[in-house]
Amino acid sequence: MSTPPGDTFLVQGPAVENVVHWWESDPLYMADNPLGAVLADCGELDGSGEAIWIECVPPVAPELEEPVDEDDESSEPAPVVVTAEDLARLPISAGELVIQPPMDDASERWVAVNVETIAYSRAEAQRFTPTLLGQQVEVEVWPVEYVWNFHDPVAEALGEAAVYATADPGMPYPDHTFSHTYTQAVDETGISLLTRWVGQFRGPGTGGWQPIAGSAVTVSASPAFEVREFTPRLVDPSTLGP
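In this note's numbering, the protein residues as written are 460 to 701.
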């Protein structure tokens, strides 16, 4: 039987277990549906048990969702987020740690007792273009805190470690803003500097510069030097040479 939808076909009363359905462009075929489906899809049977003609109503095909093409290049990439861990992996240059008086000569690396030892940092803002999750982003970092340790054994013995935290990178003499004074001779010591960095990033989908949650740290150190003590003496000026 191949009756198109909207026409009629012959069935046998309410005892019929199988009915004809129309499905998309296929021919009419027998589908195992209970009689309730007949009443819903093909009108009501008259209950007489006689052979009757019933108009067939094609069922409504379910709406299918369009498949998502994960390789569709037209879709926008997910925004990249630069984390504190990403920041810590960047090759941030700690910047030069400078001490005055100068210590360019390895044989003359010393400072004097009771005289200011000046230190400052040349750390500067830096920019990087790492690739994260297959996308290139811009990252800008800058120093915000400097923690200086002058490793003064005398101060440490007194429970007063020579450690200073400041937002100031310092300046060279005579405009220096930061220094430490050793009060006793030390055979060998040095200065270390911990610099804390924060930053921001931008990339596809970020809508401009975004702050990075967290910070990164770099550590730098000076060459080892001696703290010398000098004893003043009165001399006859006439004994001094020209």
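Note that beta-carbon positions come from the ideal geometry of N, C-alpha and C, so glycine has one too.
- If only complete runs of 4 or more residues are kept, the segment 536-563 shows the alpha helix (DSSP H) at 543-548, in order along the chain.
- Counting only runs of at least 3 residues, the segment 629-660 fully encloses the following beta strand (DSSP E) elements, listed from N- to C-terminal order: 638-640 and 645-648.
- CA-to-CA, the gap between residue 560 and residue 576 works out to about 7 Å.
- With a 10 Å radius around the Cβ and a threshold of 16 neighbouring Cβ atoms, residue 607 comes out buried.
- Residue 662 places its beta carbon less than 8 Å from that of residue 596.
- Separation of residue 540 and residue 679 (C-alpha to C-alpha, rounded to the nearest whole angstrom) is 29 Å.
- Within 10 angstroms of the beta-carbon of residue 670 lie fewer than 16 other beta-carbons, which makes it exposed.
- Taking the Cα positions, residue 570 is about 32 Å away from residue 550.
- In the three-state scheme derived from DSSP, where H, G and I count as helix and E and B as strand, residue 663 is classed as coil.
- Contact between the segment 608-627 and the segment 638-646 is present: 3 or more CB-CB pairs across the two stretches fall below 8 Å.
- Cβ contact annotation for residue 568 (same chain, cutoff 8 Å, sequence separation greater than five): 562, 682, 683, 684 and 685, in chain order.
- Distances from the alpha-carbon of residue 557 to those of 659, 656, 672 and 652 put 652 closest.
- Beta bridge pairing from DSSP links residue 682 with no other residue.
- For residue 583, the closest C-alpha among the options 553, 594, 649 and 572 is that of 553.
- For residue 616, the enclosing alpha helix (DSSP H) has its first and last residue at 612-616.
- Note: residue 608 is bridge-paired with 622 and 651 in the DSSP secondary-structure output.
- Residue nearest to residue 587 within the set 545, 643 and 625 is 545 (criterion: CA-CA distance).
- In the DSSP secondary-structure assignment, residue 689 is not bridged to any residue.
- The distance from the Cβ of residue 656 to that of residue 603 is about 7 Å, consistent with a contact at the 8 Å cut-off.
- Per the coordinates, the alpha-carbon of residue 543 lies some 16 Å from the alpha-carbon of residue 668.
- A direct Cα-Cα distance of roughly 11 Å separates residue 581 from residue 627.
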